[in-house]
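Q: Residue numbers (our numbering), protein chains in the order written: chain B, 1 to 96; chain D, 1 to 96.
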DNA sequence: GTGGTTAATCGTTCATTGACGATAAACGAT
DNA sequence: ATCGTTTATCGTCAATGAACGATTAACCAC
């Protein structure tokens, strides 16, 4: 019941996904999560020459867009790709 | 010599394409050009409740990103999709 | 040439973004 | 309960984006 929300993505929804990916740092975060499956915020912070608050903002953007999922685990937050959303996104673009 | 610039698109380049598509109006313009093959600026203006200057800006964004091509024909400009770039873009996303 | 049509650019306004440091919140460990 | 760790949020600032009307530029027809 949780997966396969395959709504076709209207222009508004699609544009929000594009916006979420319209910054190189956020693309890199997505690619990193893709390769390592999951990690905590601090790991991502150490990958970039950016402050913790800035990375946290980028993560929030990606999470708000539904592209990633963040699970609080004690004092940390573990992030991973939302594969369903990424697939929905790719499908929409293939039709462009 | 002009087509098949199949550079793999780095994060910067990819983020610029995403940004170009991060507005619903620009997505709609792309879809429209896809369906009708080509048209002039004024035709697009009449499709939206937006001013001529605003549409012209959106077209410029898409053109700067390389997603569309504009050919001046007398007093008008004829726009069409840049299929090569769109394909390159889709290919890059499929790898995401 | 003048006038009309089309599109691009300029200048302005307001909202949003991206960055930061500082602070707050949540938790584990002692 | 306090301390240290981790992350989210707040407040600020400069830069960018989106929209508009007005203007300019380019062209065709007359």
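By construction, the Cβ of each residue, glycine as well, lies at the ideal position given by its N, Cα and C atoms.
#1: Between the beta-carbon of residue 27(D) and the beta-carbon of residue 44(D), is there less than 8 angstroms?
#2: Just checking: is the beta-carbon of residue 87(D) within a distance shorter than 8 angstroms of some beta-carbon in chain B?
#3: What's the gap between the Cα of residue 34(D) and the Cα of residue 62(D)?
#4: Which whole-angstrom value is the C-beta distance of residue 96(D) and residue 68(B), which I expect to be below 8 angstroms?
#5: Can you name the start and end residues of the alpha helix (DSSP H) that residue 66(B) belongs to?
#6: From what residue to what residue does the alpha helix (DSSP H) around residue 89(B) run?
#7: Could you confirm whether any beta carbon from chain D is found closer than 8 angstroms to the beta carbon of residue 90(B)?
#8: Where residue 88(D) and residue 11(D) are concerned, what is the direct C-alpha to C-alpha distance, given to the nearest angstrom?
#9: Do you know offhand how far residue 59(B)'s Cα is from residue 92(D)'s?
#10: So with Cβ pairs under 8 angstroms, would you call residue 71(B) a contact of chain D?
#11: For a contact meaning CB atoms closer than 7 angstroms, what does residue 18(D) contact in chain B?
#12: Leaving aside the five residues before and after residue 38(D) along the sequence, list all residues of the same chain whose C-beta is less than 8 angstroms from its C-beta, in chain order.
#13: Between residue 76(D) and chain B, is there a C-beta pair that is closer than 8 angstroms?
#14: On the CB-based measure, 16 or more other CB atoms within 10 Å of its CB, does residue 86(B) come out buried or exposed?
#15: Please work out which residues of its chain come closer than 8 angstroms, Cβ to Cβ, to residue 76(D), disregarding the five sequence neighbours upstream and downstream, and give them in chain order.
#16: Could you please give the first and the last residue of the uninterrupted alpha helix (DSSP H) stretch that includes residue 23(D)?
#17: So with Cβ pairs under 8 angstroms, would you call residue 65(B) a contact of chain D?
#18: Can you name the residues that DSSP bridges to residue 38(D)?
A: In terms of the structure at hand:
#1: no
#2: no
#3: 13 angstroms
#4: In fact, because the Cβ distance is near 13 angstroms, the residues do not count as touching under 8 angstroms.
#5: Taken as a continuous stretch (DSSP letters only), residue 66(B) belongs to no alpha helix (DSSP H), as it is neither H nor E.
#6: 83-94
#7: yes
#8: 14 angstroms
#9: 22 angstroms
#10: no
#11: 18, 21 and 22
#12: 78, 79 and 80
#13: no
#14: buried
#15: 40, 41 and 42
#16: No alpha helix (DSSP H) contains residue 23(D), which DSSP labels as neither H nor E.
#17: no
#18: 80(D)
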